[in-house]
Amino acid sequence: MGVPKFFRYISERYPCLSEKLKEYQIPEFDNLYLDMNGIIHNCSHPNDADVSFRITEEDIFKNIFHYIEILFRIIQPQKLFFMAVDGVAPRAKINQQRGRRFRAAKDAELQEMKAKAKGQEIPKVARFDSNCITPGTEFMAQLNEQLKYFVTYKMSTDENWQKCKIILSGPEVPGEGEHKIMDYIRYMKAQPDYDGNVRHCLYGLDADLIMLGLCSHEPHFSLLREEVKFGKTQKKILTPEETNFCLLHLSLMREYLEHEFSPVASKLKFEYDVEKIIDDWVLMGFLVGNDFIPHLPNLHIENGALTILYNAYMDVLPTLDGYINEAGTLNLARFEKFMEKLGQYDMEQFDEIYADLKYFEAKTGRRMYDNGKGEKIIPEETMSPSKTSNHPALANLILATENELGDDEDDESEESEDDTDADMKMEFVLHKRDYYMSKMEYEHVDAETMRSQAEGYIRAIQWNLHYYYNGCCSWSWYYPHHYAPFISDIKNFKDLKIDFDLGEPFLPFQQLLAVLPAASKALLPKAYHNLMTEENSPIIKYYPVDFKTDLNGKRQEWEAVVLIPLIDETSLIEAMEPCNEKLTEEEKKRNRHGPMAIFTHSKKNLGIYKAPQYFPDIRRYAKMQLIQREEILVPIEKLVKGLCKGVKLSVYYPGFPTLQHVPHTATLAKAKVKVFEQPSRRENMILCVLPKKEIPPLNDIAQKYLGKTVFIGWPHLVEAYVVGVSTVDQKISIVHPSQQKGLPEAKLNFSIEEANDSYVAGWKVQKKHIIENYKSRLGIEVGETEVLVHACPMVGRQYVYSSQGKMTLEKQWNEISVPYAYQVVLLDLTVHNQDFIQFTSIVDVYKPKSTCFMLGHPHYGAMGEVTEQGVDLKTSRIKVAMRAIPEPNFQKARQLQHEAKPKYMPGNIAAQRLGISSHLLSRITGCIFVVSCDSAEPGRTNLGLNLKFNKKNEEVIGFTKKDNNGAWLYSAKTVSFLDDYMGNFPELVEQIDKNLVSSDVFQKEDLFSPGLDYNIETVAAWLKEQQKALGTQTRVCGTEEIEDDVVKMIEQEVEELDTNTSRTVLMQVKPHLLYKPGLNTGSLPPDPRAYHRLFDRVVCVRNSFTVPLGYKGTIIGIQKGDTPAAYVYEVLFDEPFAVHMKQTYLENSITTSTTVHSKQVLFKARSTSAWGSSWDLGVTLPINFLLLQVECKKTI
C-alpha cells in the first residue's frame, strides 16, 4: 500500500490521531513490538540517492543496536518486548517483493551511470545491496546472531530490560514481521488469564499496521513511528536522537470511525456495533490495494477512493441484514451487494473521460483503440449492437453495461440522448475490453474470463481477511495478475465456494531465487548463479535485464507496477533441485526454517557468551528458550475475536487519548487543519464541542475548581493543578500557588483581580489563541469560551521526606500556569491507577552499595554509594561514601573563547562599511530568487549569499546572528564575503538595488542586461564555490557554541588532569540533599534550581541509559528553544563509551557526538567509542538526567 498516501489521508481526516512524543507524557505500555525491517533498512542504506555512500557491516549492526536501544528507552515496556524480523513471506507477497527488488537494483544501476556521466568519482568499495535484507542471505544470518548477542548483553547489564520477557523472531522464522507479531497477540488473547486492558505499542512504518492494530480489537493500542512532514523532502540523514517520533493512537481511531459511520446507525435493521464497523472498514481498506492485491481500477487514495468507499458503504449497509466482514470471514451475499453499489463508480469515472475519447477520435480520425496500423482492435461492424450476435463475449459485456447504466428505451422523445447513451455504453465496453487485453494480456475476453477474474479477486479478498484476522491460511496462494478487474465486473459470486490449501512456506533459498534479480545474484550461493544468467536456464525468462513499469493511474514512480513475469513455483523448485546438492554445509544451514528465541533474566551467572564478530565476549545472565512458531499458532475455533472480557472502555488510561467525557458532534469540512506542519488538502473531521447548558458564576467555579486536580488538553488529556479561573471581567487565583500546593482547600488563600484595559486585552488574546489552536491544530471547535481555567500541568512524581525518615510520593506541577477553555476541562474522571512502586521509608531506598549523587555542599554533583551502615535511624541521615574528583581549570579556555568569539555589528554599520543601503544588505545576505520570463527556462535560481534564514530561524555560524530583539547582526566575514560579491558582479548588485521589491523573486531580464561577461549560471557557480570554501554551516538562531580551537583546549585540559588525586569522603547526608537515579518519575530535573551555561561541568545521573551513569563532561554548545525545557545542549564527555556517535574531525583529533531534543543534550566524547557509528550524530540524553558537577549556579 502507498504508505504516505494512506497515512496522510487518515492523518488529515482525523487530525487528533497522532501526537508528537514528549518524554513526560508517554503512556505506560505493557508490551512493545518492533517490526524490525524498517529499522534494518534505515540503518543500512539511509540515503539511496547518494551513490557515494558506503557503510561497513559492523557499522550497520551497531546502528541497529542503537536504534533498538532508543526505541526501548522511549517506550520502556513493562512486560514484553517482541522483535520481529521478516522471515520467508507467503507466496502472495512474493510478487510485490520481486518487483521492489528488481526496481531497487535497476535504480542503483541507473544512479551510478548518471553519477559517472557527470564525472562524479565513485568509491571502489562495493555499495551496500539492500536486496540482502532478505531471509537466507549471509547478512541476515549474521544479523540474527548479532541480535541474539545484543539481547543477551542488554538483559545481562540493563535492569530495565531484565524485567521484560524478550522475544526475538528472526529471519529463520517464517512469516512477515508484523504478522508474526499479530500471531503472538492472538496467542496471548487466547490464554485464559489474558487481561483485556493490556497496553500495546507497535513500531513500524507500514500503513497496514493501522489495520492490523484495529482488527486485533485491543482498545489500548498505539503505533510508534517517525514523524512525517508532509510536503517536505527530508535530505539530511537523521539519527534516532534527531528524529522526532510520534504516536498514532488507535484508541482515537476507533472513536473517529464511530463518528465516521454514525449517520447510518439509526437506519440499520440490526444493532449498530462499532467493532463490526471497524471490521468492515478494514475490508474496505483492501480495495485500494496492498502488498498482496492490486487496487481496483481508478480507485486511488490520492483521488478520494476511501471517501467513495465510505459513501457506498453507508448507502448499502441499511439494505443489508448484517455486516460484511464477519471477523475475518467474508459474507459473500452482502459483499456482492456492496460491490454492485460500488460498481456505479466505474460508470461515473468513464463518464468523465468519455469526452476525452470523443475529442481524440475527432482530432485523429481514428478511435482510441486503433493499434496504429490502421487496424481496429474491435472490428468496425461490431460497433452496432445489432451485430454483436457473432461476438458473444462483446454481447455479454454490452448486456452487463446496459444493466449497470439502465435502459430508457420507452422514452421515445429523447432519441438523441439514447444514441449518446448507446455510444457511451459501447465506448465503455471497448474501454474495459481493451483494459483486459492490454493490461492482462488476454487474447479473448469472454464470459469465462470475466467469471474467473471476479472469482479470483474475491478469493484474494478472503485470503487477505484470513491473513489479518486468523493468520496465514495458505502459503502457496497468490493473486495471478498485476492488475485487478473493473469493479462492475466483480459480480455473481455469492455462491462461490472458497477453500485454501495451507501448503508450506518457501525455503529461504527458494524465496531468494524467486525475488532477486540477476544483478543481486552474489547474495545467493554460487550453485544457483547460472539459473539467473545462463540462456539455457529453464527459468531464465524470470530474470529480465530490462523491464517496463506502469504507473496505472498513480503519480509517483515508486508506486508503478513493475512488469516482470510472475514466478512459477513448480518450475522454480524443479530448476533448483540439481543445484541443491552443490550447497556447502553452511549454506544448507541457512536454507532451513528455525525457531524463535525467548529471553528471560537470570540472577545466576550462566557463563561466558561467545560474541559474534566485532564485539567482546560477555558474562551471560539471560536464559534463552527456543520454541517453534507452530507452538503459538491458535486454531481458528479457539481464537478470541472482538473485545476481550473485562475491557474498561469508559476508564481513562493515562496517555491514551479519548474523545469521551466532552459532549460534542462531528462534521466533515475542508478546514485546512494543520497536520505535520502542512495545511490539510482534503476534508477534516471537525469535532464541535456542545455548549454547557448553564455556566455558573465565577465564584462558584472557583470554589469547585481551585486547588483541585483536573485533566486538560482534551482529547490528549494531561493532569493539571488549578490555580486560577477567569472571565473577561475578573480573575480569581490562589495566592502564591507554589507555596500552597497540597494544602487543604479550606486553608487556601485567594486573590481577586478586577478587569482593566490591560487585563481585558490580555484575556482576549489568550481566548483567541486557545480557540485558534484547537481549530487549526486539532480540528476542534471549542465554541464560545466565556471562562478560562488556569492550571499547572503535571511534570512528574517526586518523593518528599519527613524528619522521621518517612517518604511520600507526591505529584509535581509545572511552575507556570497555562489557560484552558473551561468547557473542555475535566474535573471528576475515572482514571486507571498506574502501578507505581511506592516506598514509605528511606531504609527501603538507600540500601547499602546503592548509587546516589550529592545535591548539597561540599562536593555538589559527586557520585557515591551508600555504605554498609546505610541509614542512621535516629537522625534519618544516609551514610554515603562520596568520590571527590578534581576538576579541570578552564580559565585559559575561557579567555581564548572570549578572544576567538566573532564580533558582530548592526546592519546599518555593516551597510555603511560597504557603501550600500541597509535594505540591500538585508536582502542580499538572505535569498535572492531569480526567474526567467522564458517558459523554456523553468524553475528559479537563488543568487543570495544565504547567510540567514528567517522562516527557518537559522543563522550561519561566524557570519550572522540575531540579537535579543530579533534584529540581524553581521560579522566582518559577512562584510568581506559581500564585498567580494559586489566586486565580481557590480552590475548585478546595482540592478538588484534598483529592483528591490517586497517579494524575494526577481526577473532574470531585469537583472542581467545583454553584453555582460557573466550570466546567471556563472554567479550561481561562484556562490557555490565560495560557500564551500568558506565552510558555511547553519544552526538555529540563538545557539551558543564554543569555538573548535577552544574545544581542543578543553580536551587537552581534561587529558592532563591528574585523577589519581581523587579521594573518598564519608558523609552523613539528609535524604533531600541526595539524588537517587530512577526514584522520581516524569521529567523532573535532578536539581530544579540549577541552570546551565557554556563551560559548565555536568554528570549523567540516569541509570540504564546510553551514556553510562556517572560519566562527566563539559557543556560546549547550547541550542535555545521556546522554553528552558526545550533547550538542547552539546556536551564533551571526558571518556569514550560504548555508544553510537558522530565522528567529528577537528584537525588531527577525533571527537564523538550525541544529539538530543526537548530536555535532551548533544554529547561529544574525546575519542571514538567502543561501538562507533556511521551516523551524522549519535546518542540522546535528557537534560533532566544531567546534574551540574561544578560551578553550581542556582535560580532563587
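According to full-length UniProt numbering, the residues represented by the sequence shown are 1 to 1196, in order.
From the three backbone atoms N, C-alpha and C, an ideal C-beta is built for every residue, glycine too.
With respect to the 7 Å criterion, T137 and L523 are classified as neighbours on the basis of their beta carbons.
For the 7 Å CB-CB criterion, H661 and L826 form a contact. The three-state reading of DSSP puts M807 in strand, counting E and B together. Note on L945: 16 or more other CB atoms within 10 angstroms of its CB, so buried under the neighbour-count rule.
Considering only Y478, F506, D501 and G456, the residue with the shortest C-alpha distance to K491 is G456.
In the same chain as L1073, and ignoring 5 residues on each side of it, the C-beta atoms closer than 8 Å to its own belong to M854, L855 and G856, in chain order.
Put simply, of M437, L690 and G724 the residue whose alpha carbon is nearest the alpha carbon of V789 is G724. Between W281 and L320, the C-beta spacing is not below 7 Å.
When C-beta atoms of the stretch 586-601 are compared with those of the stretch 145-156, three or more pairs fall below 8 Å, so the two segments count as touching. Assigned with DSSP and collapsed to three states, Q76 falls in coil, not helix or strand. Taken in chain order, the complete alpha helix (DSSP H) segments of 4 residues or longer contained in the stretch 824-900 are 842-845 and 891-900.
When rounded, the separation of the alpha-carbon atoms in H466 and K764 is 56 Å.
If you draw a straight line from the Cα of A265 to the Cα of L317, it comes to about 10 Å.
In the structure shown, the three-state DSSP call for C644 is coil. Runs of the beta strand (DSSP E) spanning 3 or more residues and lying entirely within the stretch 551-602 occur at 561-563 and 596-601, in chain order.
Annotation: F82 to M182 spans about 11 Å, alpha carbon to alpha carbon. Taking C-alpha positions only, D844 is separated from Y799 by approximately 13 Å. One alpha carbon belongs to F65, the other to L147, and they sit about 8 Å apart.
In this structure, the alpha-carbon of F1133 lies about 21 Å from that of Y67. DSSP places Y33 in the uninterrupted beta strand (DSSP E) bounded by N31 to D35. Contact between N311 and Q349 is absent: CB atoms are separated by about 14 Å, not below the 8 Å threshold. Your pair F750 and I734 checks out as a contact, with CB atoms roughly 6 Å apart and the cut at 8 Å. For the pair V1047 and A84, the Cα-to-Cα distance works out to about 43 Å.
For P906, the three-state secondary structure derived from DSSP is strand. Scanning A755, L920, T851 and H664 for the CA closest to the CA of P1108 turns up T851. Annotation: the continuous beta strand (DSSP E) that includes W968 extends over W968 to S971. Counting of Cβ neighbours within 10 angstroms places N325 among the buried residues, the total reaching 16 or more. By the Cβ test, the stretch 676-690 is in contact with the stretch 645-663, since at least three Cβ pairs between them sit closer than 8 Å. When the beta-carbon positions are compared, I75 and L32 come within less than 7 Å of each other.
Looking at the DSSP output, T941 bridges to V930. If you draw a 10 Å sphere on the C-beta of M113, you find fewer than 16 other C-beta atoms in it, and that means exposed. Within the same chain, N995 come within 6 Å of D1006 by CB-CB distance, once the 5 residues on both sides are set aside. According to the DSSP assignment, F7 belongs to the alpha helix (DSSP H) that extends over V3 to R13. With the rule of 3 Cβ pairs closer than 8 Å, the stretch 501-516 counts as touching the stretch 568-578. Distance check between E786 and each of I770, M794 and K22 places I770 closest, using alpha-carbon atoms only. Looking from the CA of V722, the closest CA among W714, I732, P715 and E172 belongs to I732.
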